[in-house]
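The structure appears below as C-alpha cells.
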Amino acid sequence: MFVTLAAVVILGLALQVATLNGLGQRRPIGDEEEYLSRGRAADPHAPQPFLRPPVMPWLARAAHRASSGSHQAETRLRQFVAFISWLTIALTAIAGWLQHGPGVALLAATLLLAQPERLLLANHLWPETLLGAILAALVVLQSQPTCSGTALAIGLLAALGSAIRIDFLIILPCLLLVHAASGLFWQAAVLLAAPSVLLLIGLAMRNLRRYGVALPDTTWAFNLMAAHCEAQRSPSAPPPPSIERPIAEALERWRQLPPPATPREGWTALMALLGSPMGLGRGIVRRLLTLVGPDTFIREKLLPRGAAYPELTDAARRRWSMVLRFSLPALFAVTLTLGVYSQYLPARYAWPTLGLMLVTVLFHARTRNRVAFLPVLSLVAAQLIHQHAWDLASRFESGTLATISGLALTAVALTVALSRIRCSREL
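Those letters in the sequence shown? Residues 5 to 431, by this note's numbering.
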C-alpha cells in the first residue's frame, strides 16, 4: 500500500509539472498583478490599495530579489506555488493514513490529485493553495497526542495562515473547541493563540507607525463594503448577479478614501449589513451555492481567449471548461449523498475548515476560494467512500443492490443539479 501511495504522490508531481508547462505563457490576472507589483515596489507592504497580510507581498519580493529583478520572478513564484500544491497531496495522504488508515490515504490523495481546479490554480499566485497546505498540515498535527509541543506547532501554523489571509483567524476558536476536552486545555489555549496574537499586535504596530492604520490588514473592510454593495441590489434584479459589480463599486468608493478612513467604512458596512438581514441572507445563499456549484472563476476569468492563457488552443479551453463544470460538484455530491446516508458528523479535524468556509460564505466568495478546502473535503469524501461505498459493494444481501443504485442515482442527480447552478458570474 505504501508503494502504491508513493506512486500516486509522484504521479501528482508529474501532473503538476505537465500542467505548469502545458498551459504555455500566462498573464497575471487581478490580485496577481498587485502581488507582482508589490514585489517590485520599494515598500511591498504599503496600501496598494489595501493593507494586506505580509506573506504574499513578502514572497513576491523574495522572488523578485532572487531573480535580480528579471521577468523570471513571476515564473519562480508560480513554480513555488505549484510545489506547495503538490506538497499538499503528500500532506493529505499522510493525514489520511494517520486519521483513517492507508486505504483512506490512497483514496484521498487520488481525489485531490484529480481535481482540475487544484491543478490550474496551482499555477497562479493566489493564497488559497498555500492555505490548503496549511489546513492539511493541521490535520496531520491533530492526529498526534495533545501536548505542549503539538499545541505550539498548531498555533504557529494558524499564525502563518493568518499572515497569508486574515480571515484564517477564524480557525483559532475552532481549534480551541477541538482541544476543549483535553486535560491541557488552558495551556494548549495559550500556546494555540499566542503566535497569532503576537503577529497581529506586531503587524498593527508596524502599520500604525508607517501608514497610520492600527490594524494588521484592511482587506476585511473592503470585503464588507463589497458585501454591502451586493446586499443593496434589488431582489427583482435579473439573475444571475455579477460578482464584479459590487467589487467595482466598493473599489471605487475605497479609492476615494484616505487609508485611516477605510476601516471605519468597513465597520459602517458591517452595521448596515446586520441592519438588512434580507440582503445579507440573499448574499449568504448565493455565496454558499457558489462554493458548491460549478467553477466560474477559472472558466470566466482565466480560460477565455486573451485572458490568462494566450497560447492555449480553443479545443483545450473547451475541454478544461467541461471538466471544470462537473468535477467539484461531483465530489460535493458524492460526499453529501454518503454523508446523509450514514448520518455523518464532521470529524474534529474538519472543524477549522468548516469555520473558514463559514467566514467565506458570510461576506465574500469566489469559486477559487474553495481550493483551500479541497484537502479536507477529499479526506472526508475518501473516509465516506471507504467506509460505506466499499462496504456496501462487498455485501450482496437483500436490498444491497437497490441501496447502491439509489445512492449512485442520487449522487448523479445531485451532480447534475449542482453543475447547473448559476449564482456567481466572474465576468
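Ideal placement from N, C-alpha and C gives every residue a C-beta, glycine not left out.
Small disclaimer: the values here were computed from a predicted structure and weren't measured.
Are the beta-carbon atoms of Leu-418 and Leu-340 separated by less than 8 Å?
Here residue 418 refers to the residue found at position 414 of the sequence shown. Here residue 340 refers to the residue found at position 336 of the sequence shown. Result yes, Cβ atoms of Leu-418 and Leu-340 sit closer than 8 Å.
Would you grab the beta carbon distance between Val-363 and Ile-288 for me? Rounded to a whole angstrom, and I think it's under 8 Å.
Translated into the one-based positions of the sequence shown, residue 363 becomes position 359. Translated into the one-based positions of the sequence shown, residue 288 becomes position 284. Wrong, their Cβ atoms sit about 11 Å apart, outside the cutoff.
Within the continuous alpha helix (DSSP H) that includes Asn-227, where are the two ends?
Mapped onto the sequence shown, residue 227 falls at position 223. Taken as a continuous stretch (DSSP letters only), the alpha helix (DSSP H) holding Asn-227 covers 223-235.
DSSP three-state call for Thr-300: helix, strand or coil?
Residue numbering aside, residue 300 sits at position 296 when the sequence shown is read from its first letter. Thr-300 falls in the coil class under three-state DSSP.
Can you tell me which of the three DSSP states Phe-54 falls into?
What you label residue 54 is simply residue 50 of the sequence shown in a count that begins at 1. It is coil, neither helix nor strand.
Measuring straight from C-alpha to C-alpha, what distance separates Leu-342 and Ala-67?
Counting from 1 along the sequence shown, the entry for residue 342 is found at position 338. Counting from 1 along the sequence shown, the entry for residue 67 is found at position 63. Approximately 44 Å between the Cα atoms of the pair.
Do you know offhand how far Leu-413's Cα is from Leu-349's?
As a position in the sequence shown, residue 413 is number 409, starting the count at 1. As a position in the sequence shown, residue 349 is number 345, starting the count at 1. The alpha-carbon atoms of Leu-413 and Leu-349 are separated by roughly 23 Å.
Kindly list the residues whose CB is nearer than 7 Å to the CB of Trp-4, restricted to its own chain and excluding five residues on each side of it in sequence; keep chain order.
Nothing in the structure corresponds to residue 4, since the chain is present only between 5 and 431.
Let me check understanding here. Comparing Cα to Cα, which of Arg-323, Trp-62 and Thr-407 lies closest to Tyr-345?
For the purposes of this step, residue 345 is identified with residue 341 of the sequence shown, where counting begins at 1. Residue Thr-407 is the option with its Cα nearest to Tyr-345.
Taking C-beta to C-beta, are Trp-271 and Phe-226 nearer than 8 Å?
Counting from 1 along the sequence shown, the entry for residue 271 is found at position 267. Counting from 1 along the sequence shown, the entry for residue 226 is found at position 222. No, the Cβ-Cβ distance between Trp-271 and Phe-226 is not below 8 Å.
Within 10 Å of its beta-carbon, does Thr-8 have 16 or more other beta-carbons around it, so buried, or fewer, so exposed?
As a position in the sequence shown, residue 8 is number 4, starting the count at 1. Exposed, because fewer than 16 other Cβ atoms sit within 10 Å of the Cβ of Thr-8.
Using only the alpha-carbon positions, how far apart do Ile-251 and Pro-61 sit?
Locating residue 251 in the sequence shown gives position 247, where the first residue counts as 1. Locating residue 61 in the sequence shown gives position 57, where the first residue counts as 1. Going by the C-alpha atoms only, they are around 22 Å apart.
In angstroms, rounded to a whole number, what distance separates the CA positions of Leu-19 and Leu-123?
As a working mapping, residue 19 is identified with position 15 in the sequence shown. As a working mapping, residue 123 is identified with position 119 in the sequence shown. Taking the straight line joining both Cα atoms gives about 8 Å.
At which residues does the alpha helix (DSSP H) containing Pro-356 begin and terminate?
Mapped onto the sequence shown, residue 356 falls at position 352. Start and end: 355-367.
Would you mind reading off the limits of the alpha helix (DSSP H) that contains His-104?
Sequence index remark: in the sequence shown, residue 104 carries index 100 (1-based). 76-104 is the span of the alpha helix (DSSP H), which, as asked, contains His-104.
Taking Cβ positions, are Leu-195 and Ala-155 nearer each other than 8 Å?
On the sequence shown, residue 195 is found 191 positions in, with the first residue counted as 1. On the sequence shown, residue 155 is found 151 positions in, with the first residue counted as 1. In this structure, Ala-155 lies closer than 8 Å to Leu-195 by Cβ.
Check whether the Cβ atoms of Thr-223 and Ile-174 sit closer than 8 Å, and answer yes or no.
Here residue 223 corresponds to residue number 219 of the sequence shown, with the count starting at 1. Here residue 174 corresponds to residue number 170 of the sequence shown, with the count starting at 1. No, they are not a contact pair.
Would Ala-254 be called buried (16 or more neighbouring beta carbons within 10 Å of its own) or exposed?
Taking the first residue of the sequence shown as position 1, residue 254 is located at position 250. It counts as buried.
With C-beta atoms as the reference, is Gly-297 less than 8 Å away from Leu-422?
In the sequence shown, counting from the first residue as 1, residue 297 sits at position 293. In the sequence shown, counting from the first residue as 1, residue 422 sits at position 418. Taking 8 Å as the Cβ cut-off, Gly-297 and Leu-422 qualify as a contacting pair.
Excluding the five sequence neighbours on either side, which residues of its own chain have a C-beta within less than 6 Å of the C-beta of Val-327, listed in chain order?
For this step, residue 327 is matched to residue 323 along the sequence shown. Excluding residues within five positions, the ones whose Cβ falls inside 6 Å are Pro-120.
Going by C-alpha distance, which of Arg-370, Arg-374, His-368 and Arg-309 is nearest Leu-358?
Taking the sequence shown and counting its residues from 1, the one referred to as residue 358 is at position 354. Closest option to Leu-358, Cα to Cα, is Arg-374.
Between which two residues does the alpha helix (DSSP H) containing Gly-159 stretch?
Residue mapping note: residue 159 aligns to position 155 of the sequence shown, counting from 1. Counting along the chain, the alpha helix (DSSP H) containing Gly-159 begins and ends at 152-168.
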